[in-house]
Amino acid sequence: MDSYLGLAQSKVKPRSVVDAFSNRTATIKKRPPRPTGYPTTSRPISTSSIVIDGAAQFRYLQEEHRSLLERYKKLEDSYSALQNEYAKVKSDNERLQGAYEELQESYNTATAKNFNAGKLLVYLKLKRRTDKETLEKRNIIKNEACFNTYLQDVVLLDHPRIPRVVHECIAVLEANDKFMRSPGLYRVSGDHNAIQNLRYDINANNYKRLRKQKSPHEVCGILKLFLRELKDPLISLETCAKHLPDVIQMKTNTRLKIKQLISSLDEVRQNTLKVLIKHLRSVAVIEENEVDSFSLGLLFSSLIFNETLADVCPVKFQKMLYWVAVVLGVIVAALAALDWKYKSYQHLPGPRRWPFIGNVVSFLGAGPVEIFDQLIAFASTYGKVYKLDFFYDYTIIYSSPEAAEGILTSPAFTAKSQDYDKVSEWIGNGLLISRGQKWFTHRKVITPGFHFKILENFVPIFNRQAEAFCTKLEALTERSTEAVNIFPALKLLTLGIICETAMGVGMDGEKQSTQQAYYTQIVEELSSILYWRMFNVFVNIDALFRLTRTSRRFDELVQKSWNFTLGMIDRRRKIINEQETLSGEWNEEETFGKRKRALLDTLLEARIDGNPLTDEEIREEVDTFTFAGHDTTASAMTFILYNVAKHPPIQERVYQEIVNEIGADFCDLSLSTLNNLHYMELVIKESLRLFPPVPVIARIATEDTELLGERLTRGTSVAIDIYTMHHSDDYFPDAERFNPDRFKGARDAQTFNPYTYIPFSAGSRNCIGQKFAQYELKSTLVKLLQRFQIRLVDANYVPTLKAEIVLKPAA
Ligand code: HEM
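For the sequence shown, the residue numbers in the numbering used here are 7 to 817.
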């Protein structure tokens, strides 16, 4: 077989099949050597093949050619696309190169100006944004400027005929209830950068970003910016000058003149003003946003007449006007701030408030009886929370246990209110009035002086003093059949007791008795002046009070009161010195043992951070205890006697208990015998409920805080009307009835909030002398009932009350 056969056969096969036979072709045998004489011109191998398969091969090549042409065309297309892309990239590159150079230039300038990194950033940003032309060139903004232009240029062509930006801003704000209620609307400035971005967008007639704002302040900022930058203000001062006469003439027919001014404006201005004022009105009526028409008026007036002083004033008046503006600005800002404070309590009920002076009028010319009556009437009219305002000085008065608990347990209310400052001119900054660290350290030093072992030592003094008091009363009743006014007499008794127990100074001698009587009168007069100052707004102001004759009397009385207390301190120092010389240093056993240790000794020996109390500090505490320890207890005892006199069966029950537990005759008392008088305890408790000697206590918020869900700003005074709370049927059924049994047994903790009954206050600043007072009251009542039957002169008598700091029967 011909060795070429395979190859020849293969020619008819498609190329791929040939490849499949490649093994065989690869093993193609060598050609047999050519016979000699065989022409050397080589015959093209393919010739024989083409000859053999020419048509097929041609078709194949034709196809091949066509596909190559197609590929070429495609390549040509993609080449031109690439060329386009190249051109685009090239132009981008050039643009970037331009921006880069710009940045480089800015950087160089910034470096030259020695900016630090943070400033540099800001500087660059600002420079880029203000480069409006570049932005316009790059087609980032369209030349449709809205700001810093003339009103007519930016007015909408269709309805409403007002600047579009005004329309858009108002629409964005009014469509969102939350925005309209946002506190400080128009007063709070928006984010500067955000406002600048909005400005560029709006200049390019793009309002999308404005409509998507999450905060109202940037929207308000844009509106204000637009008005401020208007080249022709809504109302020019020129127009004002033409239509409004001078200030004096303005006093009459003001409305008419303003109307004339507005009607002289063109249609666009009138429309814009109308829309703007309508919008501002709807802002002002919303309480939550804390802006009123006054502050809005103030703000927008400068935007509506946006000329500067330089535009309208000759230079020589500018300085003067500047200062007038500053002073007016300060006054307006102060009034706005005060008014804002008022607004935050506006929802609370309270008596009618006069502009600026508040509720001063309600107490003008009122004496201590009328003031107390007024307070009780307010509580019954306005309920458990109401407000009083004296020249923007707010006091919120509460009469519920929840509020009492909130106030007395909160660290925000440990400071006493400003009313106590007046009292401090007399009794100084002692335990009752001091605050902060001073109060804390002094309370710590003084508290052991009321330890029950010390109180035990005081009982013989209560005992003896009460017996002496009864003897005096006996002498009085023997001399005359006239009724005894018990309150002044009891004040002498309680003062004697506090002097002997707390101050360690007996008041038995005649000279001391006279001094004592004098001191009680001084306290009476001082309390009355202080109470008058608290509620009479004119004398409440120190400078005005100092102009009155009473201020000189006040100083005189204070001096006399100090003489009394300084005299006591002197006497006690002498007694201590004498005792120390006799028996050496005092020791712990003696403190709680036989020797009677007075509170004053604790003060004289106290060391705070290693230092003794100054003479002034000691005097302040002595004044505090002498005052707080005698007037209150005398008041409590007076009302207890009134109650038992008014309810003879109750008096009888108390007497029977005394007879059963102690006997009918005078004898020595002790803490344990006094503790056995359970019914008497109920009687005292009930009397302190109906006649709490301290009827109202007050604190000041030393920080912004919350009370019963109410936001109270720092500096707001809060008062607890203990009297009203104790008289409320909500907490004490049939509250006006004297019913000691209501305190029988432990009251259900579930239903009875302990802060409902607080004659001695509660919490960290409760009465330090509470136990002292209770034993003193019991001892005195035991002695009095052992000796006397107590009756009212008129069985129907009901005391008229006054509250000169301490609740008292009015004479
Ligand atoms: C029935 C008699 C008494 C009553 C009803 C009474 C009531 C009160 C009340 C309500 C307070 C709180 C005042 C406030 O928060 O502004 C208080 C504080 C005080 N009381 Fe009494 N008190 C009585 C007797 C006494 C006595 C006998 C003494 C002294 C021996 C005394 C010394 C004080 C002192 C020093 C404070 C201030 C405590 C402090 O802030 O740390 N009290 N008292």
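Don't be surprised by glycine CBs; every beta carbon is placed ideally from N, CA and C.
Being a predicted model, the structure only gives us computed values, none of them experimental.
N- and C-terminal bounds of the beta strand (DSSP E) containing residue i
{"i": "residue 663", "result": "Careful: residue 663 lies outside any beta strand (DSSP E), inside the alpha helix (DSSP H) at 654-667."}
{"i": "residue 273", "result": "Looking at the DSSP string, residue 273 is not in any beta strand (DSSP E); the run it does join, the alpha helix (DSSP H), is 273-290."}
{"i": "residue 718", "result": "716-718"}
{"i": "residue 814", "result": "812-815"}
{"i": "residue 393", "result": "391-396"}
{"i": "residue 711", "result": "711-713"}
{"i": "residue 723", "result": "723-727"}
Whole-angstrom C-beta distance between residue j and residue i, which should lie under 8 angstroms
{"i": "residue 542", "j": "residue 369", "result": "7 angstroms"}
{"i": "residue 5", "j": "residue 643", "result": "An answer regarding residue 5 cannot be provided, because it is not within the stretch 7 to 817 covered by the chain."}
{"i": "residue 241", "j": "residue 175", "result": "Not really, about 19 angstroms apart at Cβ, beyond 8 angstroms."}
{"i": "residue 813", "j": "residue 701", "result": "5 angstroms"}
{"i": "residue 392", "j": "residue 355", "result": "5 angstroms"}
{"i": "residue 506", "j": "residue 471", "result": "7 angstroms"}
{"i": "residue 390", "j": "residue 404", "result": "6 angstroms"}
{"i": "residue 409", "j": "residue 713", "result": "6 angstroms"}
{"i": "residue 451", "j": "residue 612", "result": "4 angstroms"}
{"i": "residue 275", "j": "residue 157", "result": "7 angstroms"}
{"i": "residue 423", "j": "residue 723", "result": "4 angstroms"}
8 angstroms Cβ cutoff met for residue i and residue j
{"i": "residue 525", "j": "residue 570", "result": "yes"}
{"i": "residue 636", "j": "residue 811", "result": "no"}
{"i": "residue 305", "j": "residue 432", "result": "no"}
{"i": "residue 693", "j": "residue 646", "result": "yes"}
{"i": "residue 726", "j": "residue 703", "result": "yes"}
{"i": "residue 767", "j": "residue 414", "result": "yes"}
{"i": "residue 169", "j": "residue 278", "result": "yes"}
{"i": "residue 217", "j": "residue 153", "result": "no"}
{"i": "residue 689", "j": "residue 746", "result": "yes"}
{"i": "residue 501", "j": "residue 527", "result": "no"}
{"i": "residue 180", "j": "residue 301", "result": "no"}
{"i": "residue 606", "j": "residue 625", "result": "no"}
{"i": "residue 807", "j": "residue 378", "result": "yes"}
{"i": "residue 186", "j": "residue 292", "result": "yes"}
{"i": "residue 438", "j": "residue 620", "result": "no"}
{"i": "residue 458", "j": "residue 677", "result": "yes"}
{"i": "residue 435", "j": "residue 394", "result": "no"}
{"i": "residue 544", "j": "residue 536", "result": "no"}
Three-way DSSP call (helix, strand, coil) for residue i in this model
{"i": "residue 735", "result": "coil"}
{"i": "residue 354", "result": "coil"}
{"i": "residue 454", "result": "helix"}
{"i": "residue 265", "result": "helix"}
{"i": "residue 135", "result": "The predicted position of residue 135 is uncertain, since its pLDDT is 42 and thus under 50; no value can be drawn from it."}
{"i": "residue 422", "result": "strand"}
{"i": "residue 67", "result": "helix"}
{"i": "residue 406", "result": "coil"}
{"i": "residue 194", "result": "coil"}
{"i": "residue 539", "result": "helix"}
{"i": "residue 6", "result": "The structure shown has nothing for residue 6, since the chain only spans 7 to 817."}
{"i": "residue 399", "result": "strand"}
{"i": "residue 81", "result": "helix"}
{"i": "residue 157", "result": "helix"}
{"i": "residue 361", "result": "coil"}
{"i": "residue 169", "result": "strand"}
{"i": "residue 96", "result": "helix"}
Start-to-end residues for the alpha helix (DSSP H) that takes in residue i
{"i": "residue 379", "result": "374-388"}
{"i": "residue 786", "result": "776-793"}
{"i": "residue 692", "result": "684-696"}
{"i": "residue 770", "result": "Looking at the DSSP string, residue 770 is not in any alpha helix (DSSP H), and its letter there is neither H nor E."}
{"i": "residue 241", "result": "Note, residue 241: premise wrong, no alpha helix (DSSP H); not H, not E."}
{"i": "residue 705", "result": "Segment 702-706 is the beta strand (DSSP E) holding residue 705; no alpha helix (DSSP H) there."}
{"i": "residue 233", "result": "222-235"}
{"i": "residue 308", "result": "299-310"}
{"i": "residue 679", "result": "677-681"}
{"i": "residue 2", "result": "Residue 2 is absent from the structure shown; the chain starts at 7 and stops at 817."}
{"i": "residue 216", "result": "214-217"}
Residue i: CB within 7 angstroms of a non-hydrogen atom of the ligand NAD
{"i": "residue 366", "result": "Among the ligands modelled here, namely the ligand HEM, the ligand NAD does not occur."}
Just list the alpha helix (DSSP H) runs in the segment 546-630, keeping only unbroken ones of 4 residues or longer that don't cross its boundaries, in chain order.
-> 548-551, 555-589, 594-598 and 605-611
Runs of alpha helix (DSSP H) wholly within the segment 478-528 (minimum 4 residues, chain order) | 492-507
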